[in-house]
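In what follows, a structure is listed as structure tokens, so that the remarks can point back to it.
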Amino acid sequence: MKIGIISDVHSNLYSLMEVYSEFEREGVDTVICLGDIVGYGPHPNEVINFMRRKQIIAMKGIYDLAVIKNDFSFINESTVNNFSMNFTREELTKNNLYYLSTLPTEVNFQFGGLKVKFIHKNPYEESCDIDEDILVCGYTHLADENKISKSKCILNPGSIGKPSYSNEFVTFGILDVSENLYNFKIMKINYSFHKIQKDMKMMNFPEILINSYDNGVR
54 MKIGIISDVH
64 SNLYSLMEVY
74 SEFEREGVDT
84 VICLGDIVGY
94 GPHPNEVINF
104 MRRKQIIAMK
114 GIYDLAVIKN
124 DFSFINESTV
134 NNFSMNFTRE
144 ELTKNNLYYL
154 STLPTEVNFQ
164 FGGLKVKFIH
174 KNPYEESCDI
184 DEDILVCGYT
194 HLADENKISK
204 SKCILNPGSI
214 GKPSYSNEFV
224 TFGILDVSEN
234 LYNFKIMKIN
244 YSFHKIQKDM
254 KMMNFPEILI
264 NSYDNGVR
């Protein structure tokens, strides 16, 4: 089975659409989103509508939880997050806020003899206690493949919505699993954030948030 994996979309519709087109070209069987669907960006409803329309399997991330509960205990309270959380809560339709609230916090699959867990949490908070063969995580915005033993590994596709290290490309993953074997490929596509920054300027987003797409700060 060939699984497209995305994480930390952060209300970036343009990037989501480009990455989904890449998955179609790669012939994936399904797409899984590891959370942080909303926050930071200007397109929360459009992103959720697209994901629902394409039947992307999704889970909650910490930013999604903060928005659902209107609670800063999940994220740092800052100028950017104050604006972003309030904007997202005001922008989301009741239907889409409800959709977010119904998402699980993890998804588990078994492929032959391989147990795979998909979560949003920091992988290094989980790595000491990993029961699955493969732990696929979001959260860090950094793509990585880390084999922690001969039989266990931690995979991270990075972020398609707001990468921490570059404004020139976004990263995502393709996990190919069959019986007891797997192959994980970190994918990169060139991406310009000018479109989303233009939308943010038109919607009077704070400059510090707009500029963060240039320097990777979050």
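Just so we're aligned, residue 54 is where the sequence shown starts under this note's numbering, counting upward by one. Where a beta carbon is used, it is the ideal one built from N, C-alpha and C, also for glycine.
Q. Based on the DSSP output, what are the partners of glutamate 71 in its beta bridges?
A. Looking at the DSSP assignment, glutamate 71 forms no beta bridge with any residue, so it has no partner.
Q: Note the first and the last residue of the continuous alpha helix (DSSP H) segment covering valine 39.
A: Limits of the chain in this structure are 54 at one end and 271 at the other, which puts residue 39 out of reach.
Q) What separation, rounded to the nearest whole angstrom, lies between the Cα atoms of isoleucine 249 and leucine 167? A) If you draw a straight line from the Cα of isoleucine 249 to the Cα of leucine 167, it is about 39 angstroms long.
Q: Leaving aside the five residues before and after leucine 153 along the sequence, list all residues of the same chain whose C-beta is less than 8 angstroms from its C-beta, in chain order.
A: Ile90, Val91, Ile101, Lys113, Asp117, Val120, Ile121, Leu145.
Q: Could you name the residues of the same chain whose beta carbon sits closer than 6 angstroms to that of leucine 156, not counting the 5 residues immediately before and after it, in chain order?
A: The residues are Ala111, Met112, Lys113.
Q | lysine 200 - DSSP class collapsed to helix/strand/coil | A | Strand.
Q. Rounded to a whole number of angstroms, what is the C-alpha to C-alpha distance between glutamate 221 and isoleucine 239?
A. Rounded to whole angstroms, the separation of the alpha carbons of isoleucine 239 and glutamate 221 is 16 angstroms.
Q: Quick one: give me the first and last residue of the alpha helix (DSSP H) that methionine 240 is part of.
A: For methionine 240, no alpha helix (DSSP H) encloses it; the enclosing beta strand (DSSP E) starts and ends at 234-243.
Q) How many Å lie between proline 210 and tyrosine 73 at the Cα? A) So the alpha carbons of these two residues sit roughly 14 angstroms apart.
Q: Between the Cα of asparagine 257 and those of Gly94, His194, Leu87, Ile183, spot the shortest distance and give me the residue it belongs to.
A: Taking the Cα of asparagine 257 as reference, the smallest distance to any Cα among Gly94, His194, Leu87, Ile183 is reached at Gly94.
Q. To which residues does DSSP link isoleucine 58 through a beta bridge?
A. Ile85, Gly226.
Q. Out of Lys200, Thr158, Phe140, Gly191, which has the shortest C-alpha to C-alpha gap to methionine 253?
A. Out of Lys200, Thr158, Phe140, Gly191, Phe140 has the C-alpha closest to the C-alpha of methionine 253.
Q) Looking only at DSSP bridge pairs, what is glutamine 163 linked to? A) DSSP links glutamine 163 through a beta bridge to Lys168.
Q. If you run the structure through DSSP and keep just helix, strand and coil, what is proline 210?
A. DSSP places proline 210 in strand when its eight states are reduced to three.
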